[in-house]
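Report on one structure; see the data block that follows.
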Amino acid sequence: MSNVLLLFDKMGQRDIVTWNTMITQLVKTGDVDLAYKMFVEMPERNVRSWTAMISGFVQCGKPKEAISLFTKMEETCLKPNEVTVVAILAACADSGFLDLGSKIHESSDNNGFTRNTHICNTLIDMYIKCGCLEAALDVFEGMKEQTVVTYSAMIQGLAIHGQGEKSLKLFFEMIQTGMKPNGITFIGLLNACSHMGLTNEGLGFFTTMTNDYEIVPAIEHYGCMVDLFSRAGLLHEAHDFIKEMPIKPNAAIWGALLGGCKVHKNIEMAEVAMRHLQELDPFNDGYYVVLANIYSEAKRWEDAARVRKLMKNRGLNKTRAWSSIAVKGMVHEFVAGDDSHSLSMEIFEKWNELLVQMRLKGYVPNTSVILLDVDEMEKEKFLSRHSEKLALAFGLINTRPGETIRIFKNLRVCEDCHASFKLISEIVGREIVVRDRNRFHCFKNGTCSCSDYW
DNA sequence: GAAACACAGT
1 MSNVLLLFDK MGQRDIVTWN TMITQLVKTG DVDLAYKMFV EMPERNVRSW
51 TAMISGFVQC GKPKEAISLF TKMEETCLKP NEVTVVAILA ACADSGFLDL
101 GSKIHESSDN NGFTRNTHIC NTLIDMYIKC GCLEAALDVF EGMKEQTVVT
151 YSAMIQGLAI HGQGEKSLKL FFEMIQTGMK PNGITFIGLL NACSHMGLTN
201 EGLGFFTTMT NDYEIVPAIE HYGCMVDLFS RAGLLHEAHD FIKEMPIKPN
251 AAIWGALLGG CKVHKNIEMA EVAMRHLQEL DPFNDGYYVV LANIYSEAKR
301 WEDAARVRKL MKNRGLNKTR AWSSIAVKGM VHEFVAGDDS HSLSMEIFEK
351 WNELLVQMRL KGYVPNTSVI LLDVDEMEKE KFLSRHSEKL ALAFGLINTR
401 PGETIRIFKN LRVCEDCHAS FKLISEIVGR EIVVRDRNRF HCFKNGTCSC
451 SDYW
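For the record, in the first sequence the residue sitting at position 86 is 86 according to the numbering used here, with numbers rising by one throughout.
Have a look at this one:
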């Protein structure tokens, strides 16, 4: 048992303040389950108790639990305050729950909470993570005072929305106001360079950061640099950079290199990265899948099979892909190849109809993303049953024309789905937002917000 | 006396 708990046990007098402190401390040590147990057990709860617990769930990566707790809080007579709202908005950001987030934005406008800088910063982050750049910019511009956090959030947001130039411009604007950027500001900036393939500029910012602002680069900054070189196809530069970095590279660093190897189809360097990844993070199935994919794309089926076998021997299974879409308040989930849905026939028909229109626009199925060594017909069939495609077809059938479609996916979007969605956004004249594991794609008029850089 | 925001890659 931890020291805090022992102390708590010995305390004769336990008032609401000591209970609340316990919850916060337990969250800090990562024991959110025990924190929740205490929250349930405590004799009475005030706004700070609820807020500490909601925020605790967010800090421990459980935004859905945070949201459901917030719903329970609404059933009490306690009113959420500014701090509660920050926590719940952060939960909306992390889970992509735009509906609740914008509802809270509205009520915050009404009760004056949007005068609070923390709240506005979190609103910006929430809109960015939900794929609503315009809404984020509106909040940004409406603020009476922006801080380094505000600018950092916006710089990162513009970068991941494929607006690298505006991102850099905002950075220079920030400098001109006399505000000092911090390490996180530079992460956004390096991301912007990465998105635009501006290797030299990125390198320049990395130098500026250390020389002019005396910020000691953290592992994340090295990660950004490796990502910058790797995505630009400068895999050897990336490798040299890793070899020369003063701190020990972690799995993320080698993972960034591996990602670049996939984009630029470099098997040799991918094998180098994989050797390190097997040591640093041997039980992460994602890396094996990427390497197997690289082999498959080069039609090196035996190597691909060897990697899959290695994965199996380690007791790892490829994480099953799923996508979900909310229609009329109901969440519908689809897994790849799913034909169990009651509307399967309509979904497949809809997809075939879209396929015809896509082919007219020059679409050719990119079967290289299919890992299996089967014939082309089979590959096309597997391809057309990707979970996000099923979700999209379902969404198109069940929503009003012109309505934005929002899809969640637990893994990353494949290249074929990405290409198809661009075309479909144009064909059906709709915006399609797909939220990845950790980012999103906004498809509109035949293009994607990521500028095909992901 | 207790609760808050921005962060690469996978």
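By construction, the Cβ of each residue, glycine as well, lies at the ideal position given by its N, Cα and C atoms.
All values derive from a computational prediction rather than experimental measurement.
Option in S230, L343 and V369 with minimal Cα separation from A391: Against the first sequence, residue 391 aligns to sequence position 391. With distances taken between Cα atoms, A391 lies closest to L343.
CB of V27 within 8 Å of CB of L78, strictly: Position 27 of the first sequence, counted from the start, is the residue given in the question as residue 27. Position 78 of the first sequence, counted from the start, is the residue given in the question as residue 78. No, the Cβ-Cβ distance between V27 and L78 is not below 8 Å.
Beta-carbon spacing of H221, F206 below 8 Å: Indexing the first sequence from 1 puts residue 221 at position 221. Indexing the first sequence from 1 puts residue 206 at position 206. A contact, by the Cβ cut-off of 8 Å.
For L332, the first and last residue of its enclosing beta strand (DSSP E): Looking up residue 332 in the first sequence gives position 332. Note that residue 332 is His in the sequence shown here, rather than Leu. M330 to V335 is the extent of the beta strand (DSSP E) around H332.
3 or more residues per run - each beta strand (DSSP E) lying fully within the segment 352 to 427: With a minimum length of 3 residues, the unbroken runs of beta strand (DSSP E) contained wholly in the segment 352 to 427 fall at 405 to 409.
Nearest-angstrom Cα separation, counted from V413 out to G157: Taking the first residue of the first sequence as position 1, residue 157 is located at position 157. Taking the first residue of the first sequence as position 1, residue 413 is located at position 413. Using only the alpha carbons, I get a separation of about 20 Å.
Residue from V32, T76, N410 and R400 whose Cα sits closest to the Cα of K328: Here residue 328 refers to the residue found at position 328 of the first sequence. Of the listed residues, the one whose Cα sits closest to K328 is R400.
Same chain, Cβ closer than 6 Å to V289, neighbours up to 5 away in sequence not counted: What you label residue 289 is simply residue 289 of the first sequence in a count that begins at 1. Here the set comprises K318.
Per-residue DSSP class, three states only, for W454: As a working mapping, residue 454 is identified with position 454 in the first sequence. Three-state result, W454: coil.
First through last residue of the beta strand (DSSP E) which encompasses I432: Mapped onto the first sequence, residue 432 falls at position 432. Here the beta strand (DSSP E) through I432 covers I432 to R435.
Three-way DSSP call (helix, strand, coil) for F97 in this model: By 1-based counting over the first sequence, the position of residue 97 is 97. Residue state, collapsed to three classes: coil.
Distance CB(E82)-CB(H118) smaller than 8 Å: Position 82 of the first sequence, counted from the first residue, corresponds to residue 82. Position 118 of the first sequence, counted from the first residue, corresponds to residue 118. Contact flag set, yes.
Assigned exposure category for K103 - 16 Cβ within 10 Å defines buried: On the first sequence, residue 103 is found 103 positions in, with the first residue counted as 1. Looking at its Cβ environment, which holds fewer than 16 other Cβ atoms inside 10 Å, K103 is exposed.
Same chain, Cβ closer than 8 Å to L137, neighbours up to 5 away in sequence not counted: Position 137 of the first sequence, counting from 1, holds the residue named residue 137. Taken in chain order, the residues that qualify are M154.
Three-state secondary structure (DSSP) of H236: On the first sequence, position 236 is the one that residue 236 refers to. Three-state result, H236: helix.
Sequence-distant residues of its chain with Cβ nearer than 7 Å to A252 (five each side left out): What you label residue 252 is simply residue 252 of the first sequence in a count that begins at 1. Excluding positions up to five away in sequence, the list reads G223.
Option nearest L170 by Cα separation, candidates I432, S152, H161 and E353: Reading the first sequence from its first residue, position 170 is the one you call residue 170. The closest CA to that of L170, considering only I432, S152, H161 and E353, is found on S152.
Delimiting residues of the alpha helix (DSSP H) encompassing I54: Stepping through the first sequence from its first residue, residue 54 is reached at position 54. That run of the alpha helix (DSSP H) goes V47 to Q59.
The segment 194 to 212 touching the segment 223 to 232, judged by at least three CB pairs closer than 8 Å: yes
Whether E388 touches K422 by CB criterion (8 Å): In the first sequence, the residue the question calls residue 388 occupies position 388. In the first sequence, the residue the question calls residue 422 occupies position 422. No, the Cβ-Cβ distance between E388 and K422 is not below 8 Å.
Distance, F97 Cα to T150 Cα: For the purposes of this step, residue 150 is taken as the residue at position 150 of the first sequence. For the purposes of this step, residue 97 is taken as the residue at position 97 of the first sequence. Going from the Cα of T150 to the Cα of F97 covers about 21 Å.
Three-state secondary structure assigned by DSSP to S324: For the purposes of this step, residue 324 is identified with residue 324 of the first sequence, where counting begins at 1. Strand at S324.
Option in V307, K62 and Q278 with minimal Cα separation from N250: Position 250 of the first sequence holds residue 250. That would be Q278, whose Cα lies nearest to the Cα of N250.
Nearest to C448 (by Cα), restricted to the options V216, T177 and S425: Position 448 of the first sequence, counted from the first residue, corresponds to residue 448. Ranking V216, T177 and S425 by CA distance to the CA of C448 puts S425 first.
Bounding residues of the beta strand (DSSP E) (the contiguous stretch that carries H442): Stepping through the first sequence from its first residue, residue 442 is reached at position 442. The sequence shown places Cys at residue 442, not His. It spans F440 to K444 - the beta strand (DSSP E) in which C442 sits, taken as one unbroken run.
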